[in-house]
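Engineer:
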Amino acid sequence: MRLSGRPVLDNGLRRASLAQRAVHVVRATAAPVNTPSESKHKLKAADRVRLGESDLLVSACCLGTMTFGKQNTEAEAHEQLSYAWDQGINFLDTAEMYPVPIEETTQGRTDRYIGTWLKSSGRRREEVVLATKVSGYSERGTWVRNPPRTLRVTREQIVESVDASLKRLQVDHIDLLQIHWPERYVPLFGAGAYDPANDRPDSVPFEDQLRGLEEVIKAGKVRYIGVSNETSLGVSEFSHIARATGLPKIQTIQNAYSLLVRVPFETDLSETCRRHQVSLLAYSPLAGGMLSAKYNRLSEEALAGARFNLFPGYMARYRQSAAQQAVGRYAEVAEKYGMTPTELALAWCKSRWFVASTIIGATTMQQLKENLLSFDKEISAECVKDIQAIYQAYKDPTVNPQ
1 MRLSGRPVLD
11 NGLRRASLAQ
21 RAVHVVRATA
31 APVNTPSESK
41 HKLKAADRVR
51 LGESDLLVSA
61 CCLGTMTFGK
71 QNTEAEAHEQ
81 LSYAWDQGIN
91 FLDTAEMYPV
101 PIEETTQGRT
111 DRYIGTWLKS
121 SGRRREEVVL
131 ATKVSGYSER
141 GTWVRNPPRT
151 LRVTREQIVE
161 SVDASLKRLQ
171 VDHIDLLQIH
181 WPERYVPLFG
191 AGAYDPANDR
201 PDSVPFEDQL
211 RGLEEVIKAG
221 KVRYIGVSNE
231 TSLGVSEFSH
241 IARATGLPKI
251 QTIQNAYSLL
261 VRVPFETDLS
271 ETCRRHQVSL
281 LAYSPLAGGM
291 LSAKYNRLSE
301 EALAGARFNL
311 FPGYMARYRQ
321 SAAQQAVGRY
331 AEVAEKYGMT
341 PTELALAWCK
351 SRWFVASTII
361 GATTMQQLKE
371 NLLSFDKEIS
381 AECVKDIQAI
391 YQAYKDPTVN
401 PQ
C-alpha cells in the first residue's frame, strides 16, 4: 500500500461522524481490504493508495465507466464491473453527464448501469468507493437540470445534481464528489493559451462553491470532494479558502495525464498538489485509445467500432498529426522493451510519483484485461530515457496551435 507516510483511517467510518469531522485513527491491517483471494495472483492494479488527507483507500487502478450506455450495453458493463472487482479494483469513476459523447437521450445511463450492478452483485456498499462529478459551467447540456438551465456550480445545482446521482446509482451516499470542470473560464481539452477576454465576471466564487459542497457533506450525501480539469489557481484557491474558513478541503484532482499530455501537471500542478496534499486521479492515460497505437497499425475495417471512428471529431486533439507521430515513436519504444504500446503507457503512468490512481476505460473484456495486467509491468531507467527523448521532440502534441 502507498500511504504517503500518513495514518490509515478506517474506510467504513460512519458518514455522520465524517460530517462532524471526527478523526478515528486505526492501525492498517497487513492485507489490503477487498482484494482477490490469496490463491490468485494479486495485481499491482489492486494496490491500495490513500486519497489526499481522506480515509479513502482505493485501488491504484480506477475503473472508468463513461462508455457504459453508449458503446457498452448494460450486460457488458456488469461483466466489466464484476471482472474488475474480482481482480481487486474497488474504485469506480462516473459523472452525471455520462456516457460520452453526451446526449439528452443517454445522459445518466452510466449511473443506472452501475446502480443495477451494485444491487444485483451483492457487494456491500462500503466496500466500493464511488466517485462521481457535478458539471461545471456550460450553456450546453441544460437538460441535465430540471427545469433546463445553464449549468453552474451553485449550492442549488450541487444539491440537485447529487440527489439525482444518488437516485440513479441507487445508493445513499457518494464517496467522492468532484467538480467536473471549472465554474470559471479555463481553456480546456487542448484549447491552448488562456485568454482574459473570455473571463466571465459572474462566475460563482470559490467560497460559495465550497459552501454548496459543504451542504451535501453535512447532509450525509457526500463524504469527500475534489476537482477535475483544474489548474493550479483553482487548487490553490479552494485549498486556501478551506484552510481559512474551515470549509471542506478538496482531496483530489482528476486531470488528463499521459505520454501525450504531460506539461500542465509536471511543470506546475505537481508541486501545487503536493503542497496542498491533493491526489491526482489520472484520466485518459491512453489518450482515448490513441496510445494503444491501434489507429496507427489496424485497418479501417478493424477499427470500425473504435471510438474515434464512431464519433468523428470527438477528442480531436489526439488525432493531430504530431500526436500520431509521437504515438508511433512510443510504440517503437514499447516493442524495444518487450511491451505492447498499452502496457508501456499504463505502466509509465502508474510509475509517476504524483499519480495516486490511474483511470482506465475499456469497451471490450480483452482491453480491460490487458489494461489491468499492464500495471504489473516495470519501466526501466533506460526505457525512461527513451521516453524522455521522444517527449523532448513532441511536447504537448495535443494542444491546438495558437
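Sequence positions in the sequence shown follow the UniProt record's numbering and run 1 to 402.
Just so you know, even glycine gets a beta-carbon here, dropped at the ideal spot from N, CA and C.
I want to know whether the region 52-71 touches the region 355-364 - three or more CB-CB distances under 8 Å.
Structural biologist: The region 52-71 is in contact with the region 355-364.
Engineer: Tell me, which residues are paired with Lys133 by DSSP?
Structural biologist: According to DSSP, which records beta bridges pairwise, Lys133 is partnered with Gln178.
Engineer: Just how far apart, CA to CA, sit Leu57 and Ala131?
Structural biologist: For Leu57 and Ala131, the distance between alpha carbons rounds to 13 Å.
Engineer: May I ask you to report which of helix, strand or coil DSSP gives Val399?
Structural biologist: Reduced to three states, the DSSP call for Val399 is coil.
Engineer: For the beta strand (DSSP E) holding Gln277, just list the boundary residues, first then last.
Structural biologist: That residue, Gln277, is in no beta strand (DSSP E); it is neither H nor E in DSSP.
Engineer: Between the Cα of Arg262 and those of Ala322, Asp396 and Ala84, spot the shortest distance and give me the residue it belongs to.
Structural biologist: If we check each option's Cα against that of Arg262, Asp396 comes out closest.
Engineer: Pull up the CB-CB distance for Thr231 and Val186, whole angstroms please, since I reckon it's below 8 Å.
Structural biologist: Indeed they touch by this definition, with Cβ atoms about 6 Å apart.
Engineer: With the cut-off set at 9 Å, would you say residue 446 and Pro196 are in Cβ contact?
Structural biologist: For the chain, the structure presents residues 1 to 402; residue 446 sits outside this window and is missing.
Engineer: Does the region 244-258 come close enough to the region 325-335 that 3 or more CB-CB pairs lie under 8 Å?
Structural biologist: No, the region 325-335 does not touch the region 244-258.
Engineer: Below 8 Å, how does it come out for the region 111-119 and the region 152-163: are there three or more Cβ pairs, yes or no?
Structural biologist: No, the region 111-119 does not touch the region 152-163.
Engineer: Can you have a look at Arg50 and say buried or exposed, based on whether 16 or more other CB atoms are within 10 angstroms of its CB?
Structural biologist: Buried, because 16 or more other Cβ atoms sit within 10 Å of the Cβ of Arg50.
Engineer: Below 6 Å CB to CB, which residues in the same chain sit around Asp47 once its five sequence neighbours on both sides are set aside?
Structural biologist: Answer for Asp47: Ala60, listed in chain order.
Engineer: Rounded to a whole number of angstroms, what is the C-alpha to C-alpha distance between Lys385 and Lys350?
Structural biologist: Approximately 17 Å, taken between the alpha carbons.
Engineer: For Ile174, collect the residues of the same chain with a Cβ closer than 6 Å to its Cβ; drop the 5 residues on either side in sequence, then sort them by chain order.
Structural biologist: Contacts found: Leu130, Thr132 and Val222.
Engineer: Take Ile89 and list the residues in its own chain whose beta-carbon comes closer than 8 Å to its own, dropping the five residues that flank it on each side.
Structural biologist: Same-chain partners within the cutoff: Ala45, Ala46, Ser59, Cys61, Cys62, Leu63 and Leu372.
Engineer: Nearest CA to the CA of Asn229: which residue from Pro248, Gln254, Arg211 and Pro201?
Structural biologist: For Asn229, the nearest C-alpha among the options comes from Gln254.
Engineer: Could you give the DSSP three-state label for Thr358: helix, strand or coil?
Structural biologist: Looking at Thr358 - three-state DSSP - the assignment turns out to be strand.
Engineer: Looking only at C-alpha atoms, which of Leu344, Ala345 and Met290 sits nearest to Ser321?
Structural biologist: Checked all of Leu344, Ala345 and Met290; the closest Cα to Ser321 is Met290.
Engineer: From the DSSP output, which residues share a beta bridge with Ser228?
Structural biologist: Ser228 pairs with Gln254.
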